[in-house]
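Protein sequence lines correspond, in order, to chains A and B.
Sequential numbering from 56 applies to the first sequence in my numbering.
Sequential numbering from 56 applies to the second sequence in my numbering.
In this text, a Cβ means the ideal position worked out from N, Cα and C, and glycines have one as well.
Number of protein chains: 2
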Amino acid sequence: MSTIVEDPAPPTCKVVYASAVAEGILGEVKDSIERLGRAPLLVGFLANVDPAARMYASWTGKTCLQNGVRFELREVGKDDLEENIIAANADDEVGGIIVYYPVFGSSQDAYLQQITSKEKDVEGLSHAYLFNMYQNIRFLDPEKSQKSILPCTPLAIIKVLEHISVYNSILPYGNRLFGKTVTVVNRSEIVGRPLAALLANDGASVYSVDINNVQYFTRGAGIRRRQHEAHDTDLKLEDVVPKSDVVITGVPSKEYKFPVELLKDGAVCVNFSSEKNFGPEVKEKASIYVPAIGKVTIVVLLRNLLRVVENRQRGEAAEGGESL
Amino acid sequence: MSTIVEDPAPPTCKVVYASAVAEGILGEVKDSIERLGRAPLLVGFLANVDPAARMYASWTGKTCLQNGVRFELREVGKDDLEENIIAANADDEVGGIIVYYPVFGSSQDAYLQQITSKEKDVEGLSHAYLFNMYQNIRFLDPEKSQKSILPCTPLAIIKVLEHISVYNSILPYGNRLFGKTVTVVNRSEIVGRPLAALLANDGASVYSVDINNVQYFTRGAGIRRRQHEAHDTDLKLEDVVPKSDVVITGVPSKEYKFPVELLKDGAVCVNFSSEKNFGPEVKEKASIYVPAIGKVTIVVLLRNLLRVVENRQRGEAAEGGESL
Numbered sequence: 056m057s058t059i060v061e062d063p064a065p066p067t068c069k070v071v072y073a074s075a076v077a078e079g080i081l082g083e084v085k086d087s088i089e090r091l092g093r094a095p096l097l098v099g100f101l102a103n104v105d106p107a108a109r110m111y112a113s114w115t116g117k118t119c120l121q122n123g124v125r126f127e128l129r130e131v132g133k134d135d136l137e138e139n140i141i142a143a144n145a146d147d148e149v150g151g152i153i154v155y156y157p158v159f160g161s162s163q164d165a166y167l168q169q170i171t172s173k174e175k176d177v178e179g180l181s182h183a184y185l186f187n188m189y190q191n192i193r194f195l196d197p198e199k200s201q202k203s204i205l206p207c208t209p210l211a212i213i214k215v216l217e218h219i220s221v222y223n224s225i226l227p228y229g230n231r232l233f234g235k236t237v238t239v240v241n242r243s244e245i246v247g248r249p250l251a252a253l254l255a256n257d258g259a260s261v262y263s264v265d266i267n268n269v270q271y272f273t274r275g276a277g278i279r280r281r282q283h284e285a286h287d288t289d290l291k292l293e294d295v296v297p298k299s300d301v302v303i304t305g306v307p308s309k310e311y312k313f314p315v316e317l318l319k320d321g322a323v324c325v326n327f328s329s330e331k332n333f334g335p336e337v338k339e340k341a342s343i344y345v346p347a348i349g350k351v352t353i354v355v356l357l358r359n360l361l362r363v364v365e366n367r368q369r370g371e372a373a374e375g376g377e378s379l
Numbered sequence: 056m057s058t059i060v061e062d063p064a065p066p067t068c069k070v071v072y073a074s075a076v077a078e079g080i081l082g083e084v085k086d087s088i089e090r091l092g093r094a095p096l097l098v099g100f101l102a103n104v105d106p107a108a109r110m111y112a113s114w115t116g117k118t119c120l121q122n123g124v125r126f127e128l129r130e131v132g133k134d135d136l137e138e139n140i141i142a143a144n145a146d147d148e149v150g151g152i153i154v155y156y157p158v159f160g161s162s163q164d165a166y167l168q169q170i171t172s173k174e175k176d177v178e179g180l181s182h183a184y185l186f187n188m189y190q191n192i193r194f195l196d197p198e199k200s201q202k203s204i205l206p207c208t209p210l211a212i213i214k215v216l217e218h219i220s221v222y223n224s225i226l227p228y229g230n231r232l233f234g235k236t237v238t239v240v241n242r243s244e245i246v247g248r249p250l251a252a253l254l255a256n257d258g259a260s261v262y263s264v265d266i267n268n269v270q271y272f273t274r275g276a277g278i279r280r281r282q283h284e285a286h287d288t289d290l291k292l293e294d295v296v297p298k299s300d301v302v303i304t305g306v307p308s309k310e311y312k313f314p315v316e317l318l319k320d321g322a323v324c325v326n327f328s329s330e331k332n333f334g335p336e337v338k339e340k341a342s343i344y345v346p347a348i349g350k351v352t353i354v355v356l357l358r359n360l361l362r363v364v365e366n367r368q369r370g371e372a373a374e375g376g377e378s379l
């Protein structure tokens with residue numbers, strides 16, 4: 056037994072920034088544009104004065120401009136939005152459509168989300184896409200030539216986890232999170248719940264935490280089910296975090312700080328909130344820390360744009376229609 | 056000038072009860088069942104302990120039993136509901152499906168609403184039906200043989216207004232509210248907003264009132280537009296009620312009482328809230344008063360059931376498939 060007091064080792068946490076992850080995806084996007092032979096047009100609809108939405112729109116414009124995608128921001132009154140989306144659906148010039156929510160900020164927005172035709176929906180909010188995501192159906196056609204579209208923020212988080220090798224590419228595609236336990240703090244219908252479902256569908260054991268309770272998303276022992284199931288538990292955050300390999304937070308509050316002391320040593324920590332949900336002490340515990348993912352989300356949006364454009368081409372080719 | 060004080064005339068208000076309206080629709084339902092040659096099966100899913108939902112389910116069962124419709128109530132956990140609906144979609148024995156909301160009571164319910172296949176959706180909540188309703192598209196097929204399905208409570212109110220001749224059958228179908236001004240107090244996504252849209256699509260000038268503001272729904276001067284448009288106004292309840300021929304309330308609160316003194320003399324008053332939004336003094340002002348519409352809603356549900364079953368038959372016949 057030694058009584059010598061050792062200096063603490065220097066933090067060994069690797070901080071990974073969104074820009075590094077975005078880089079790789081941008082390469083893919085550029086290749087697609089080249090194959091396409093012309094710049095696709097993304098139309099954004101802004102029908103509110105929400106500063107966050109306006110910021111997101113301005114970021115989209117900038118990223119499009121830098122990467123050879125045409126972007127048109129159409130500012131319309133909220134009462135004219137439905138008709139304007141319908142017109143853009145019908146316009147062959149328009150490659151993809153994004154609507155900056157909230158518009159009405161009520162359940163009327165859920166109706167509007169279904170107005171954008173799925174052939175132009177770069178956000179992945181069409182019911183057909185959401186259904187495929189929850190049901191773990193990855194393609195739109197039996198020939199598996201057209202991939203289903205995933206919602207941007209959850210997909211951006213997946214791309215981050217792939218980049219930092221939480222996804223183990225030794226395992227077969229579709230099971231690459233088998234053996235991993237993940238806690239997701241946020242169960243919104245826009246990010247937290249679809250994310251928990253995606254991770255569980257890829258083989259992870261997922262604890263989905265919101266203010267009410269902890270839900271468990273899993274494909275079961277030996278991941279024998281082909282899709283996840285979810286159920287309520289009586290577990291608390293302090294029960295699930297110590298056994299989690301990965302902790303992902305998305306609490307939209309300046310005041311909220313994740314209780315870092317619960318983390319197991321060497322956990323992977325990812326924050327997708329625009330607020331800093333982890334304090335700086337996270338670096339004393341985590342092996343990898345991703346402080347923000349916004350830049351990945353925008354690039355994933357472009358990737359989805361190229362995907363819907365290519366899906367449309369393949370669909371037309373399959374129908375023997377004109378192939379651009 | 057006379058100084059004789061006259062006795063007030065006795066109230067001349069005609070009170071119309073839902074049962075009288077339901078009667079006529081039931082006749083239609085019975086005729087359809089006879090044409091069909093066998094009792095269709097309605098499956099209800101109950102995944103909550105909400106007493107109002109349970110009450111609605113029990114009412115549905117009773118009304119089905121009385122009218123030759125088979126009803127099966129399936130109680131399932133909320134986490135199993137999605138899979139159970141999918142199974143019922145695929146089951147040829149099942150004629151129609153109703154889900155008793157709320158299930159999660161969050162925006163997750165909006166996702167669930169799109170799980171029921173539109174071919175079995177007796178509630179009219181499928182996006183394709185809602186889209187047709189707002190866009191004033193009345194049929195599903197170009198041959199106009201299959202009518203689009205309308206949500207039960209708004210449709211029940213329309214049936215009430217037809218019964219009491221607010222709809223003027225002298226006017227051409229689709230324009231029968233031309234010249235009428237209607238105030239609707241409630242703008243929920245489930246009843247108030249679709250109702251305002253339906254009434255405006257049928258030619259009325261509609262003021263849609265909620266806690267925030269008054270919106271105006273109209274097909275414009277001379278009802279020249281083929282569908283309504285809606286916009287915010289700076290008007291107040293006291294501006295719009297005195298010029299309204301019809302006032303429809305749906306405020307789910309025991310405390311709320313509509314300010315009857317604003318009514319124009321001889322207005323038609325309809326309440327669809329389960330609470331009594333009008334005090335008894337409404338009979339001193341109104342020409343017609345409909346205190347509740349619940350019984351019409353249930354019968355409209357059966358009518359929708361028969362309609363989806365018949366639409367499916369027509370669809371199959373048109374495709375050259377088997378015709379039952």
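Notebook entry, point to check: Considering only residues of the same chain and omitting the five flanking positions on each side of B/F194, which have a CB-CB separation below 7 angstroms?
Noted result: Within the same chain, B/F194 has close Cβ partners Q201, K202, S203.
Check: Taking Cβ positions only, does B/E130 come closer than 8 angstroms to chain A?
Finding: no
Check: Residues in its own chain within less than 6 angstroms of A/A143 by CB, not counting five upstream and five downstream?
Finding: V98, V149, I152
Next item on the list: Specify the secondary structure class of B/Y166 as computed by DSSP and reduced to three states.
Entry: helix
Item checked: For A/H182, the first and last residue of its enclosing alpha helix (DSSP H) -> 182-190
Next item on the list: Could you please give the first and the last residue of the uninterrupted alpha helix (DSSP H) stretch that includes A/S74?
Entry: Where A/S74 is concerned, the enclosing alpha helix (DSSP H) starts and stops at 73-91.
Item checked: Assigned secondary structure, B/S203 (DSSP; H/G/I helix, E/B strand, else coil) -> coil
Next item on the list: Can you grab the Cα-Cα spacing for the pair A/V131 / A/R274, in whole Å?
Entry: 44 angstroms
Check: CA-CA distance, B/E371 and B/I141?
Finding: 20 angstroms
Notebook entry, point to check: If you measure from the beta carbon of B/D134 to each beta carbon in chain A, is any gap under 8 angstroms?
Noted result: yes
Next item on the list: Give the DSSP-derived three-state secondary structure of B/D176 in the structure shown.
Entry: Three-state DSSP puts B/D176 in a strand.
Next item on the list: Work out the CA separation of B/P95 and B/E217 for me, nearest whole Å.
Entry: One C-alpha to the other measures close to 27 angstroms.
Checklist line | Contact set for A/R369: own chain, Cβ-Cβ below 7 angstroms, skip 5 residues either direction | finding: S200, Q201
Check: By the 10 Å Cβ neighbour count, where 16 or more other Cβ atoms means buried, how is A/D320 classified, buried or exposed?
Finding: Burial call: exposed.
Notebook entry, point to check: Would DSSP call A/N125 helix, strand or coil?
Noted result: The displayed chain sequence assigns Arg, not Asn, to residue 125 of chain A. Strand, per DSSP.
Next item on the list: Could you name the residues of the same chain whose beta carbon sits closer than 7 angstroms to that of A/E178, not counting the 5 residues immediately before and after it, in chain order?
Entry: I153, P206, C207
Item checked: Through-space distance from A/R90 to A/A341, alpha-carbon basis -> If you draw a straight line from the Cα of A/A341 to the Cα of A/R90, it is about 41 angstroms long.
Next item on the list: Evaluate the contact criterion for the stretch 315-332 of chain B versus the stretch 170-185 of chain B: three or more CB pairs, one atom per stretch, below 8 angstroms.
Entry: no
Margin query: What are the residues in the stretch 268-301 of chain A lying within 8 angstroms of chain B by C-beta distance?
Written below: E284, A285, H286, D287
Next item on the list: Taking only beta carbons into account, state which residues of the stretch 323-353 of chain B come closer than 8 angstroms to chain A, listed in chain order.
Entry: none
Notebook entry, point to check: Looking at B/E330 and B/K350, is the spacing between their C-beta atoms short of 8 angstroms?
Noted result: no
Notebook entry, point to check: For B/V363, which of B/E339, B/V84, B/E78 has the nearest alpha-carbon?
Noted result: B/V84
Margin query: Just checking: is the beta-carbon of B/L379 within a distance shorter than 8 angstroms of some beta-carbon in chain A?
Written below: No answer about B/L379 holds up, because its pLDDT of 40 lies below 50 and its placement is not dependable.
Next item on the list: Per DSSP, which residues does A/Y344 bridge with? Please list them.
Entry: A/V70, A/C324
Checklist line | Buried versus exposed call for A/H283 [16 or more other C-beta atoms within 10 Å across all chains shown] | finding: buried
Check: In angstroms, rounded to a whole number, what distance separates the CA positions of A/V295 and A/T238?
Finding: 7 angstroms
Note to self: Starting from B/T352, trace the alpha helix (DSSP H) in both directions and tell me its first and last residue.
What the structure shows: 349-373
Notebook entry, point to check: For B/P314 versus B/S328, is the C-beta spacing smaller than 8 angstroms?
Noted result: no
Next item on the list: Note down, in chain order, each residue of its chain lying with its Cβ closer than 8 angstroms to the Cβ of B/L317, except the 5 sequence neighbours on either side.
Entry: L292, E293, V296, P297
Note to self: My output table needs one value for A/V315: the three-state DSSP class, helix, strand or coil.
What the structure shows: A/V315: helix per DSSP, three-state reduction.
Checklist line | chain B contact residues for A/H182, given Cβ-Cβ distances below 7 angstroms | finding: Q169, H182
Item checked: chain A within 8 angstroms of B/E244, Cβ atoms only -> yes
Margin query: Please return the same chain residues whose Cβ sits closer than 7 angstroms to the Cβ of B/Y111, not counting the five positions on each side in sequence.
Written below: Y155
Notebook entry, point to check: Taking just the CA atoms, how far does A/D135 sit from B/H286?
Noted result: Looking at the two C-alpha atoms, the distance is approximately 9 angstroms.
Check: When you compare only the Cα positions, how much space is there between B/I348 and B/P227?
Finding: 26 angstroms
Margin query: Between B/M56 and chain A, is the shortest Cβ-Cβ distance under 8 angstroms, so that the two count as touching?
Written below: For B/M56, the predicted structure reports a pLDDT of 49, less than 50, and the residue's modelled location is therefore unreliable. The matter cannot be settled from this model.
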